[in-house]
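Asks: Those protein sequence lines, which keep their order, are chains A and B. Just so it is clear: in the first sequence, position 536 is 535 by numbering that gives the first Met the number 0, and no numbers are missing. Just so it is clear: in the second sequence, position 14 is 13 by numbering that gives the first Met the number 0, and no numbers are missing.
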Amino acid sequence: MTVKQTLVVIGNGMVGQNFLTNLTASPIKDAFHIVTFCEESRPAYDRVHLSEFFAGKTAQELSLVEPGFFEQHDITIHIGDKASTIDRDAQTVTSAKGIVIHYDKLVLATGSYPFVPPVPGHDRPNCLVYRTIEDLEAMQSAAQSGKIGVVVGGGLLGLEAAKALKDLGLETHVVEFAPRLMAVQLDEAGGAMLRRKIEALGVTVHTGKNTSLITDGADCVNKMCFADGEELETDLILFSAGIRPRDDIARDCGLEVGARGGIVIDNQCRTSDKRIYAIGECALWNGMIYGLVAPGYAMARTVVADLAGGHPAASFTGADMSTKLKLMGVDVASIGDAHAKTQGAMVYTYQNGASEVYKRLVVSQDKKLLLGAVLVGDASGYGTLLQYCLNGIDLPENPDALILPARSDESVGLGPDALPMSAQICSCYDVTKDAVCQAIEAGCTTIGALKAQTKAATGCGGCAPLLKSVMNSELAKQGFTVNTDICEHFAYTRQDLYNLIMVEEIKTFDALLEKHGKGRGCDICKPAVGSILASYWNDYILKTEHLGLQDTNDTFLANMQKDGTYSVVPRITGGEISPDMLIALGQVGKKYKLYTKITGGQRVDLFGARVDQLPHIWKELIAAGFESGHAYGKSLRTVKSCVGSTWCRYGVDDSVGLAIELENRYKGLRSPHKIKFAVSGCTRECAEAQGKDVGVIATESGWNLYVCGNGGMKPRHADLFATSLDKATLIKYIDRFLSFYVRTADRLQRTSVWMENMEGGLDYLKSVIIEDKLGLCGQLELQMQHVIDTYQCEWKATIEDESKLKRFRHFINSDQADDNVVFVEERGQIRPADETERKHFTMVEVA
Amino acid sequence: MTPWVDVCSVDDLQPDSGVCALVDNLQVAIFYMPRESAVYALNNYDPIGKANVLSRGLIGDINGQPVVASPLYKQHFNLQTGVCLEDEAVTIPAYAIRIHNDRVEVNTRIMTADIAMDTTSSR
Ligand code: SRM
Ligand SMILES: Cc1cc2nc3c(=O)[nH]c(=O)nc-3n(C[C@H](O)[C@H](O)[C@H](O)COP(=O)(O)OP(=O)(O)OC[C@H]3O[C@@H](n4cnc5c(N)ncnc54)[C@H](O)[C@@H]3O)c2cc1C
Ligand code: SF4
Ligand code: FES
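1. For F676 of chain A, verify whether its CB is less than 7 Å away from any heavy atom of ligand 2.
2. Assuming V847 of chain A and A339 of chain A are in contact, meaning their beta carbons sit under 8 Å apart, how far apart are those beta carbons, in whole angstroms?
3. Using a threshold of 8 Å, state whether the C-beta atoms of R602 of chain A and I582 of chain A are closer than that.
4. Is E87 of chain B close to chain A? Criterion is C-beta to C-beta, closer than 8 Å.
5. Hey, how far is the Cα of A217 of chain A from the Cα of A141 of chain A?
6. Consider the Cβ of P66 of chain A: report whether some Cβ of chain B lies at a distance smaller than 8 Å.
7. Would you say K525 of chain A reaches chain B, if we count a Cβ-Cβ gap shorter than 8 Å as a contact?
8. Does the beta carbon of E38 of chain A fall short of 7 Å from some heavy atom of ligand 2?
9. My output table needs one value for A400 of chain A: the three-state DSSP class, helix, strand or coil.
10. Is it buried or exposed for P46 of chain B, if we count other Cβ within 10 angstroms and need 16 for buried?
11. Along the region 799–812 of chain A, what residues have a CB closer than 9 Å to any CB found in chain B?
12. For the 8 Å Cβ check, are there 3 or more pairs between the region 32–40 of chain A and the region 75–85 of chain A?
13. Determine, for V126 of chain B, whether the minimum Cβ-Cβ distance to residues of chain A falls below 8 Å.
14. How would you call Y649 of chain A, buried or exposed, if buried means at least 16 neighbouring beta carbons within 10 angstroms?
15. Give me, in chain order, the residues of the same chain whose beta-carbon lies closer than 8 Å to that of G827 of chain A; leave out the 5 immediate sequence neighbours on both sides.
16. With 8 Å set as the bound, which would you pick, yes or no: does the beta-carbon of M32 of chain B sit closer than that to a beta-carbon of chain A?
17. Can you tell me which of A:S83, A:M298 and A:I288 puts its alpha carbon nearest to the alpha carbon of I278 of chain A?
18. I need the straight-line Cα distance from L78 of chain B to T543 of chain A, nearest angstrom please.
19. Which stretch, first to last residue, makes up the alpha helix (DSSP H) that contains H785 of chain A?
20. Are V655 of chain A and E780 of chain A close, meaning C-beta to C-beta below 8 Å?
21. I'd like to know whether the C-beta atoms of L635 of chain A and H629 of chain A end up nearer to each other than 8 Å.
22. Less than 8 Å between the CB atoms is what I'm expecting for D399 of chain A and L369 of chain A, so what's the real figure, rounded?
23. Using CA coordinates, which residue listed in A:E65, A:M13, A:F69 and A:H32 is at the minimum distance from R46 of chain A?
24. Using a C-beta cutoff of 8 Å, does A846 of chain A count as contacting chain B?
25. Please name the residues in the region 506–539 of chain A whose beta-carbon is closer than 9 Å to at least one beta-carbon of chain B, in chain order.
26. Compute every distance between the C-beta of L156 of chain A and the non-hydrogen atoms of ligand 2, then say whether any falls below 7 Å.
27. Using 8 Å as the threshold, is the C-beta distance between I236 of chain A and C126 of chain A below it?
28. Closer than 7 Å: is that where the CB of M287 of chain A sits relative to any heavy atom of ligand 2?
29. Whole angstroms are fine: how far does the CA of S111 of chain A sit from the CA of E280 of chain A?
30. Would you kindly report the start and end of the unbroken alpha helix (DSSP H) that includes L231 of chain A?
31. Any beta carbon of chain B sitting closer than 8 Å to that of Q815 of chain A?
32. Does the beta carbon of N498 of chain A sit closer than 8 Å to a beta carbon anywhere in chain B?
33. Counting only runs that start and end within the region 793–827 of chain A, where is the alpha helix (DSSP H) found for 4 or more residues in a row?
34. Flag this pair as yes or no: are the beta carbons of L254 of chain A and I262 of chain A separated by less than 8 Å?
35. Would you decide whether T645 of chain A is buried or exposed? Buried here means 16 or more other CB atoms lie within 10 Å of its CB.
36. Looking at the structure shown, is M754 of chain A part of a helix, part of a strand, or coil, going by DSSP?
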């Protein structure tokens, strides 16, 4: 056995940790005993997504270290201990706490610190920086007592910080020394466009401003005085004026450092002492400090390769500094030589003042190569342009076509096929097109599998669209048909399963799995099959053999909310409710202290019920005459109505009456996705029927039927399906339409998407439903009649069955309630406490 | 080491589904797959959804690993190890559990990562 060498890593930041992860995944890990010094109070976390801390991400969630990582790999980590000196002769590192460690190899990953201009007063209270979790905590507490915040520095990070200040509720200013924002990445016109956009979002931008003094403010904690004599009062000042490499420890032990800082490294990331490497933001390569993670990760990989015996390809040869980001909702991107500094470079610009878009292309003298680009307001071309630039792909004859808005039929996008195999798809993890193709060949045919295999798209995520298009094009080339299996347990589509269940009269999931599937099932196939069984046989869904198939909402017949409590939605057919019923609802809400709200579906939702309260609440609601509203199921939700001819001076027919009749007819029907109806009394359409799966509008000559409308994520206007119908025909058509949908749609496919994917579309649907082209209509009607005849209120069935009530307890072995459910009061009602409130506020006692 | 805690009878479990038990002041989600006579115990807290809800998730298997899908945001957790399939950095405590004379017993001092699971029932 060979004796292990000791490898010491100073700094456990993003790059230090990435190095450890790479090293421990490599066979050479066994050659080393690894020790790391981590100055901060916690191991490495994701600084790139640091701002998400304000959106509620915890330090834990930002962590880059898998639980048990250090123990598992036998790495000694000294948390909260800073390496203070290196003795290169004795080959030892001494820490602030006095630990002395002998090293054989040493890796410096000390990162950088935010530069704070030495303005008098820069160390006054509430003068902060933006680098660590502690910095963010300090900002949070300073913001609590303040009204105004200023960011000094209008670069990438400064603007990100400005967004954070704005989100913290401060009046926000950005003060920039240079004459424009993002001076490093943008040219003048691009910077001006960005400024207009950012100002429109309510942030005041001051450019060309030199801060000369910070002193006591009159109204605020601080006052900034500028060289031009102007002043600005502010409570909080955040310096974001660039970074400086942390090279002290290297400088002190005589390693070579750059004139303006940074530990000098060669292509193997070695410092002037061959036993010592430097990686990440502390390292100076070829006169450059890279303030981004991707180059740091590339350096980390290089060192691992060099330790393994210096594979010749293992060298760091610079990195691309192109960036694309969304700053306060504004797309900004910069690629390569954005400032056209290359000899002979030519520039194309496109500026659209009306839509606030600015684009600039920098191309080589012969117009063959793309050297750089700037995009503001519309960065959709980033992926394509970056590939042109990085891979030296020949430009089209008229390069400006790449930045001009696409005209109807011409497509200038660079298809994934045009990329060479060496093209880098993911820069965070240095994944090439070649690696992606290999993974696909090895069987990764989904984005999930590709991500797991190659790590592509798991960093900043910016490359995900490109990865997907490469995958699709490769799959198509390899002759793959897109896999339509519902999941790994059944090699069938939902429609196949429906037909199997129908033809073979299968009544349980287990029977189906045994005959046609494998494994144990999952959260995809179980609810889908549960839904088919329910729509075909219409059994009580909580029967023991169906229970494990249902999503929690179906199992507890209520909708789970973010804190694990449930909402209760009784059916209020057509939105019609008597004062007595309203009072009864109010009484229940009051008794159980539930939050009550009118929903977008013309009924009332009662929120905040604990699982053990649900049966009690429903017992009272049922006694008062209510029944389940199926808000939890993939089933009929509501039939909205307008008041109609009964009261409205324009009403042509009784829309409320029809809405109630339809809702009662189809309530409880299980379907691939939820179904919504509406009935309007005239063409003014106050019930918004043309946005529903089924919409009905009264006309002088009868009912008009609309189908396949959708609100929600991708609104779709419904199609007129049949006109001037009498009620019997209307109902017949709807019966057939719904049965056909239930039979043939994919899981979680609303009627709108179902129809759009249907070959022949609306005309085909009409031929099936109206002309009975498939000869199916009789069956479809019978099927619906069966569901209607076997309807039962699931809540009524549940409270009448003692054995089913057993489930409605938080603990199987105790009557205690979940102590993580805490409410506070807002506008006179309860709401879930947020994380800070949980700690600080008194709880509202709940019945 | 504390002895095994008696939690409930096998009949109290929900076949192919979960229940939650209070064991040593911890919320423990217990899942039961009668066909394999397998039981699993995980902490009930969903660290992603931040609520005590895992016992109410759907169970099944993915790539041969037994899993529960969180009812809140649908991430899958391995029932034996507690590791999240979508994000391996997230792990929930998985406890030792066994069926002994038709009683369900949990030992929260033993994490299943440490021992081979003893799910062999004496039924
Ligand atoms: C309560 C309610 C909001 C409100 O306070 O008003 C609501 C609440 C939810 N909606 Fe909705 N939607 C509500 C009306 C709507 C409407 C308006 C309407 O029905 O007229 C729409 C647009 C119309 C439509 O669906 O076409 C709507 C479109 C959605 C969508 C997007 C569907 C789509 O096809 O794009 C989702 C997500 C989904 O279903 O996948 C959704 C999902 C949800 C979920 C289930 C989200 C979730 O998983 O927790 C919410 C659960 C409610 C609960 O706990 O009770 N909700 N949702 C409304 C209940 C209506 C009712 O009485 O049943
Ligand atoms: C808010 C914010 C947003 C960002 N956004 C992006 C982005 O979108 N894209 C991008 O590519 N980059 C971004 N960055 C930059 C990115 O975070 C850095 O490039 C990356 O963190 C550099 O990693 P590092 O390991 O070199 O330095 P760090 O992550 O700073 O780690 C260095 C660590 O070493 C410790 N240390 C220093 N000296 C010692 C010592 N003597 N002993 C012990 N420990 C020591 C430090 O305390 C620190 O924890 C962002 C940075 C911030 C702050
Ligand atoms: S719009 Fe979004 S937040 Fe509002 S109820 Fe619907 S799903 Fe919930
Ligand atoms: S480029 Fe960041 S994840 Fe791929």
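Cβ atoms here follow ideal geometry from the backbone N, Cα and C, with glycine treated the same way.
Replies: Judging by the given coordinates:
1. Between ligand 2 and the CB of F676 of chain A, the shortest heavy atom gap is not smaller than 7 Å.
2. Given a span of 0 to 846 for chain A in the structure shown, any question on residue 847 of chain A remains unanswerable.
3. No, the Cβ-Cβ distance between R602 of chain A and I582 of chain A is not below 8 Å.
4. Yes - at least one Cβ of chain A is within 8 Å of the one on E87 of chain B.
5. Rounded to the nearest angstrom, the gap between the Cα atoms of A217 of chain A and A141 of chain A is 17 Å.
6. Cβ-Cβ to chain B under 8 Å: yes for P66 of chain A.
7. At least one chain B Cβ lies under 8 Å of K525 of chain A.
8. Placement of the Cβ of E38 of chain A at a distance of less than 7 Å from at least one heavy atom of ligand 2 is found.
9. In the structure shown, A400 of chain A sits in a helix (DSSP, three-state: H, G or I).
10. Burial state of P46 of chain B is buried, judged by a 10 Å Cβ sphere holding 16 or more other Cβ atoms.
11. Taking 9 Å as the Cβ-Cβ cut-off against chain B, the residues of the region 799–812 of chain A that qualify are K805, R806, R808, H809, F810, I811 and N812.
12. With the cut-off at 8 Å, the region 32–40 of chain A and the region 75–85 of chain A touch.
13. Summary: the structure shown does not reach residue 126 of chain B, with chain B confined to residues 0 through 122, and so no result is reported for it.
14. Exposed.
15. None.
16. Flagged as an interface residue toward chain A: M32 of chain B, by a C-beta distance shorter than 8 Å.
17. If we check each option's Cα against that of I278 of chain A, A:M298 comes out closest.
18. Here the alpha carbon of L78 of chain B sits roughly 22 Å from the alpha carbon of T543 of chain A.
19. Residue range C776 to D788 is occupied by the alpha helix (DSSP H) that includes H785 of chain A.
20. Cβ atoms of V655 of chain A and E780 of chain A: not closer than 8 Å.
21. Taking 8 Å as the Cβ cut-off, L635 of chain A and H629 of chain A qualify as a contacting pair.
22. Contact doesn't hold; Cβ gap of about 12 Å is too wide.
23. Comparing alpha-carbon positions, the option among A:E65, A:M13, A:F69 and A:H32 lying closest to R46 of chain A turns out to be A:M13.
24. The predicted position of A846 of chain A is uncertain, since its pLDDT is 40 and thus under 50; no value can be drawn from it.
25. Correct list: F508, D509, G518, R519, G520, C521, D522, I523, C524, K525 and P526.
26. If you check the C-beta of L156 of chain A against ligand 2, you find a heavy atom less than 7 Å away.
27. Contact flag set, yes.
28. The answer is no for M287 of chain A.
29. Distance between the alpha carbons of E280 of chain A and S111 of chain A: 6 Å.
30. From DSSP, L231 of chain A is part of no alpha helix (DSSP H) but of the beta strand (DSSP E) over E230 to T233.
31. At least one chain B Cβ lies under 8 Å of Q815 of chain A.
32. For N498 of chain A, the answer is no, since every Cβ of chain B falls outside 8 Å of its Cβ.
33. Runs of the alpha helix (DSSP H) lying entirely within the region 793–827 of chain A, each at least 4 residues long, are 793–798 and 801–804 in chain order.
34. Cβ atoms of L254 of chain A and I262 of chain A: closer than 8 Å.
35. Sixteen is the threshold: since fewer than 16 other Cβ atoms of the shown chains lie within 10 Å of the Cβ of T645 of chain A, the residue is exposed.
36. If DSSP states are grouped into helix, strand and coil, M754 of chain A belongs with the helices.
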